[in-house]
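**Student:** Residue numbering for the sequence shown follows our numbering, beginning at 1 and increasing consecutively. Ideal Cβ placement from N, Cα and C applies to all residues, glycine included. These numbers were taken from a predicted model, which means no experiment stands behind them.
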Amino acid sequence: MEIQKRMRIYELGSLPPFLLVFAGNIVPVDHRWNQHGLGGDNFDGLCRDLRPGPVSVLHWSGKGKPWARLDAKTPCLLDALWASYDLLDTSFAFDS
């Protein structure tokens, strides 16, 4: 990860270095925990809906990140779920 920080040695996102860091000490998580693909699974401009059933983690995998779409004024409907957690946007108030 230190080498990647200094110079880009791979283009596959954050998963490969995390797998190296954890050195195989990982366990699978039930697919119902992770709603992936909200970023379009590497397809620009593709919006996805939540799948039916309970969801614990919203994962904007792919290139369509909510912050980029919100900044470009081309958000998907679910991007609003992320917007209130944008620490750089002070227009959202957090309940205490």
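(1) Reducing DSSP to helix, strand and coil, say where V29 ends up.
(2) Taking the alpha-carbon positions, what's the R69 to L46 distance?
(3) Would you check if the distance between the CB atom of H59 and the CB atom of H31 is smaller than 8 angstroms?
(4) When you compare each of L77, G40 and S61 to R14 by their alpha carbons, which one comes out closest?
(5) In terms of residue numbering, what span does the alpha helix (DSSP H) encompassing P66 cover?
**Tutor:** By the coordinates alone:
(1) coil
(2) 11 angstroms
(3) no
(4) The residue you asked about is not Arg; residue 14 is Ser in the sequence shown. Minimum Cα distance to S14 is reached at S61.
(5) P66 to D71
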